[in-house]
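Colleague: Below you'll find the structure I mean.
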Amino acid sequence: MFETIKKLFTPVESIDAQQARAYMNEHAEGSFTLLDVRQPAEYKTAHIPGATLVPLPKLSDSYDQLDPEKPVIVY
Amino acid sequence: MLAGQGFKEVYNLSGGIMAWDGGVAKGPVELNLEMVREDETPEAIIKLAYGMEQSLASFYRSMETRTKDSELLKLLELLASIEDRHKQYLLELYKSIEPSGSSREVFEADVSAKIMEGGFDGDTFIKKNEKFLHSVLEMIDLSMMLETQALDLYLRFARKTDNNETKTMLFRIADEEKAHLSSLGRLREEKTL
Numbered sequence: 015m016f017e018t019i020k021k022l023f024t025p026v027e028s029i030d031a032q033q034a035r036a037y038m039n040e041h042a043e044g045s046f047t048l049l050d051v052r053q054p055a056e057y058k059t060a061h062i063p064g065a066t067l068v069p070l071p072k073l074s075d076s077y078d079q080l081d082p083e084k085p086v087i088v089y
Numbered sequence: 578m579l580a581g582q583g584f585k586e587v588y589n590l591s592g593g594i595m596a597w598d599g600g601v602a603k604g605p606v607e608l609n610l611e612m613v614r615e616d617e618t619p620e621a622i623i624k625l626a627y628g629m630e631q632s633l634a635s636f637y638r639s640m641e642t643r644t645k646d647s648e649l650l651k652l653l654e655l656l657a658s659i660e661d662r663h664k665q666y667l668l669e670l671y672k673s674i675e676p677s678g679s680s681r682e683v684f685e686a687d688v689s690a691k692i693m694e695g696g697f698d699g700d701t702f703i704k705k706n707e708k709f710l711h712s713v714l715e716m717i718d719l720s721m722m723l724e725t726q727a728l729d730l731y732l733r734f735a736r737k738t739d740n741n742e743t744k745t746m747l748f749r750i751a752d753e754e755k756a757h758l759s760s761l762g763r764l765r766e767e768k769t770l
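Note that the protein sequences, when read in sequence, are chains A and B. For the first sequence, this note's numbering gives the first residue as 15, with consecutive numbering after it. For the second sequence, this note's numbering gives the first residue as 578, with consecutive numbering after it.
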């Protein structure tokens with residue numbers, strides 16, 4: 015039960031662009047997920063390199079595509 | 578949403594992409610993904626990356642014949658030599674997984690160098706962009722754009738492949754591109770001071 019409660023309340027931390035860039039430069043590719051939750055047209059116009067696109071309305075159906083053990087940076 | 582689904586660490590990029598001050602990649606998810614299937618071996622991916630590095634080095638050397646500006650010439654030679662170092666890195670990666678593999682000559686004979694990093698056709702790219710490339714800063718910006726697209730492409734390749742060893746190889750190549758981008762960023766800062 016404690017684990018269930020802990021999962022519900024995993025905090026989401028806000029980081030700024032500098033912190034995000036530092037994180038991505040300091041961590042090997044494949045060790046984290048960069049997640050873009052916008053629409054495909056927005057992604058096409060510009061996206062942070064390496065971002066995985068999962069539009070927000072589809073996110074709840076797409077959890078199996080993402081590794082919950084890996085840190086996620088989402089925008 | 579993620580936090581309630583067992584995701585251990587979730588970070589929200591404050592301000593979203595509008596706040597992002599690094600390079601951005603353009604194009605849809607499927608851009609240039611036809612360059613790979615889902616089952617390439619690590620060796621095949623290394624050869625693909627090697628070809629793209631070779632093509633970009635040729636692009637820079639081709640641009641050298643189109644300018645007499647000494648600063649630009651120095652920069653172009655530097656950029657080409659960096660691509661040569663990347664080729665060497667890829668050769669070493671190849672030897673690490675195929676110690677008794679092909680010689681460099683045989684390896685290179687099996688490489689196609691028509692497509693530059695990021696998936697651009699070299700000849701078309703020169704025709705389209707030559708008029709923009711008359712200054713050191715413009716060339717650095719172009720190089721950063723190409724490397725940003727390359728980083729994005731390698732990571733999209735990694736998501737496409739079913740082969741875990743190939744995925745790992747692509748992540749290593751992408752890490753090399755990230756380091757290259759950082760060094761280009763520092764070079765750009767030096768040139769704007």
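Glycine is no exception: its CB is placed at the ideal position from the N, C-alpha and C atoms.
Alpha carbon to alpha carbon, how far is B:Arg765 from B:Ile692? Give it in angstroms, no decimals.
Modeller: Approximately 25 angstroms, taken between the alpha carbons.
Colleague: Counting pairs of beta carbons, one from the stretch 581-597 of chain B and one from the stretch 38-45 of chain A, are three or more of them closer than 8 angstroms?
Modeller: Touching, no, given that fewer than three Cβ pairs across the two stretches are closer than 8 angstroms.
Colleague: Determine, for B:Glu586, whether the minimum Cβ-Cβ distance to residues of chain A falls below 7 angstroms.
Modeller: Yes, its Cβ sits closer than 7 angstroms to a Cβ of chain A.
Colleague: For the stretch 63-74 of chain A, enumerate the residues whose C-beta is nearer than 7 angstroms to any C-beta of chain B, in chain order.
Modeller: Listed in sequence order: Pro63, Gly64, Thr66, Leu67, Leu73 and Ser74.
Colleague: Distance, Cα to Cα, B:Gly762 vs B:Asp729?
Modeller: Their Cα atoms are separated by approximately 17 angstroms.
Colleague: So within the stretch 659-713 of chain B, which uninterrupted alpha helix (DSSP H) runs reach at least 4 residues, ignoring any that extend past its ends?
Modeller: The qualifying runs are 681-686 and 699-706.
Colleague: Run the CB neighbour count on A:Leu48, radius 10 Å, all protein chains shown included, and call it buried at 16 or more, exposed below.
Modeller: Buried: at least 16 other Cβ atoms inside 10 Å.
Colleague: Taking the C-alpha atoms as reference points, what is the distance between A:Arg50 and B:Glu620?
Modeller: Checking the sequence shown, residue 50 of chain A turns out to be Asp, not Arg. A:Asp50 and B:Glu620: Cα-Cα distance of roughly 30 angstroms.
Colleague: By the criterion of Cβ-Cβ separation under 8 angstroms, what are the contact partners of B:Phe748 in chain A?
Modeller: Those are Ala42, Glu43 and Gly44, listed as they occur along chain A.
Colleague: Contact between the stretch 606-624 of chain B and the stretch 647-655 of chain B: three or more CB pairs below 8 angstroms?
Modeller: No, the stretch 606-624 of chain B does not touch the stretch 647-655 of chain B.
Colleague: Indicate whether the contact test is met: 3 or more Cβ pairs, each with one atom in the stretch 666-678 of chain B and one in the stretch 729-741 of chain B, closer than 8 angstroms.
Modeller: No: the two stretches stay apart, fewer than three of their Cβ pairs being nearer than 8 angstroms.
Colleague: May I ask you to list the residues that DSSP assigns as paired with B:Ala602?
Modeller: Answer by DSSP bridge pairing, in chain order: A:His61.
Colleague: Any idea if B:Ala686 is buried or exposed, counting beta-carbon neighbours within 10 angstroms, 16 or more meaning buried?
Modeller: When all chains shown are included, B:Ala686 counts as exposed.
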